[in-house]
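> Following this message is one structure expressed as structure tokens.
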Amino acid sequence: MNPFSHLEDEKLMKLYQEDEFLAFEVLYERHRDRVYSYIQKRLHKQNDIDEVFQNVFLKFHRSKNLYNDKYLVVQWVYTITRSELLDFCKKKKLEVVEFDDAQHGTQQEQNDNELDLSEYKNLTEKERDVLKRKFYSDEDYEEISKALETSQANARKIVSRALNKIRKKLIGGSHE
């Protein structure tokens, strides 16, 4: 058993910045499955998934001293993950320009994201934060509740209410 397993991510990150490799092992174990899942939902080829996954933790290691403790480690990990994913897709797009389906898919995803962002305007800051954590960062209710310093039941309720607001707006009319 790793002696650092009981520590919070932010304390582990400080230890890792001081070159304590066991702290990295705990961070890796805690976040690898969610990072992998996040990448896997967005890429389809196993080699691509593995390449981006490897790049995420390589960048995590190389930039460990750039971590700002004003943010949660999980936010920083997902920022790196999104960045690596975008870089990878941009690189691949340049290499595979002739595939129109890929460009159409990208446009559809942009349209979907625009819809989501426009719906966020009617939500409170807390509701937006919870939805981003749940659906963009793939955080579970335990992580969300810790970040918000509330119960898991309350975190679920906030997500439910926010989704209901979005549903009502979509069903009720986009007559604006």
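Take the position in the sequence shown, starting the count at 1, then add 977; the result is the number in this note's numbering. Here a beta-carbon is modelled for each residue, glycine too, at the ideal position from N, C-alpha and C. Note that this is a predicted model, so its numbers are computed, not measured.
Are the CB atoms of M990 and V1033 nearer to each other than 8 Å?
No, these two residues do not count as a Cβ contact at 8 Å.
> Evaluate the contact criterion for the segment 986-1005 versus the segment 1017-1029: three or more CB pairs, one atom per stretch, below 8 Å.
Segments in contact, no.
> Enumerate in chain order the residues of its own chain whose CB-to-CB distance from F1037 is below 7 Å, with the five nearest sequence positions on each side excluded.
Closer than 7 Å at the Cβ level, and outside the excluded window around F1037, lie V1054, I1057.
> Please classify E1153: is it buried, with 16 or more other beta-carbons within 10 angstroms of its beta-carbon, or exposed?
Summary for E1153: the model assigns pLDDT 42, below 50, so the residue's position carries little reliability, and this model does not support an answer.
> Are there 16 or more other CB atoms within 10 angstroms of the CB of Y1015, so buried, or fewer, so exposed?
It is buried - the Cβ of Y1015 has at least 16 other Cβ atoms within 10 Å.
> Looking at R1133: is its Cβ nearer than 8 Å to the Cβ of Y1113?
Cβ atoms of R1133 and Y1113: not closer than 8 Å.
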